[in-house]
Amino acid sequence: MSSPSSVRVAVVLYENPLAEVWRCVRALNRSAQLALDAPEVGLNKVVLAIGDCSDVPVIGEGDLRELRAGADPRVELEHTFFQANLGHSAGSNALAEGALEDAVLFLNPDSYVAPTLVRHLVEALRDPEVVAADGRQIPCEHPKHFDPRLGDQSWASGACLVVRSADFHAVGGFDARWFPSYVNDVDLSWRLRMRGKRVVHQPRAVLFHDKRLDAKAGVRTTAIEPYEGILGRLMLATRFDRPDIVTETVEVLEVHGSDEQRRALEEYQRRHSGGDLPPVLPDAASVADFINGEYGRRRF
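Numbering (the numbering used here) for the sequence shown: 171 to 470.
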């Protein structure tokens, strides 16, 4: 298995500002162009697939023509209006379905990538044991730990995640049923690692992720994160055979949970009563890194 010679970039939109999409696409086009220009990278094809889950298309026909006209001739731009809010997992799966490219790069639209990002992520997959890699987010770096020499980590962030297509499809892609929007990247990473493969961080692959800070200098959460994040955590602990984490999370939420977090707990308990929970994966606990409330160790 060699490094990918073709990459599909999957970007899921939902009510994103048009200017944000332009910024994302322009940066991606330049990064793809430089990777294609470098013979040592071995890349010969890039497809940028945009899927729009908005109520009304974010990109009109005129803007789509301009985006295509401004793209490198070797970068193919596809656009799909889903006519429904599929969520990140289902939207990403739809964009990756039937992909002929060697790898799929999942990217948040509220980001713009450094000119060398595509190159460095492709190079991260040169090792045949590496099936997935994520990039370094700035200005707010992700605190999860990674091996400073080899890059190995517990899971890779879906904000900028490249995965070998064959391995992505072998595990069924993102699990849209149990993890429609949040914690889906942790679940995917752990299922990939269960197959004996490596998931790494590539700090040279840099992207600006447009995160904002609150009055206490903490990263602002989205409106749905308190609910989806907690429900995802409970589903993850169930699937990966950690009933102790389920119990611990429930006990904390009953005392300290916000209204949205408690609503997520009620939904989990409703599903539990109805037997509507993910089945436990065999030997799942071997990769389930629940450490001090996080999914793996932290660097800071």
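In this text, a Cβ means the ideal position worked out from N, Cα and C, and glycines have one as well.
When only Cα atoms are considered, A454 and R469 end up about 24 Å apart. For Y438, the secondary structure class from DSSP, reduced to helix, strand or coil, is helix. Counting only runs of 4+ residues, the alpha helix (DSSP H) found wholly inside the stretch 337-410 occupies 354-364 and 395-409, in chain order.
Sequence-distant partners of Q431 (beyond 5 residues in either direction) whose C-beta falls short of 6 Å from its own C-beta, in its chain, are P396, I400 and L423.
If you draw a straight line from the Cα of L234 to the Cα of V341, it comes to about 33 Å. Taking the Cα positions, R244 is about 8 Å away from N214.
Annotation for A264: the continuous alpha helix (DSSP H) segment containing it runs G257 to A266. Beta-bridge pairing by DSSP links D322 to V370.
The beta-carbon distance between V274 and A303, rounded to whole angstroms, is 12 Å. This is too long to meet the 8 Å contact definition. For the options L270, E299, T392 and V420, the alpha carbon positioned closest to that of Y352 is the one of T392. Contact between the stretch 303-321 and the stretch 403-411 is absent: fewer than three C-beta pairs spanning the two stretches fall below 8 Å.
Looking at the DSSP output, Q307 bridges to L377.
Per the DSSP secondary-structure output, Y282 pairs in a beta bridge with F378. Per DSSP, the continuous alpha helix (DSSP H) segment holding S201 begins and ends at L188 to D207.
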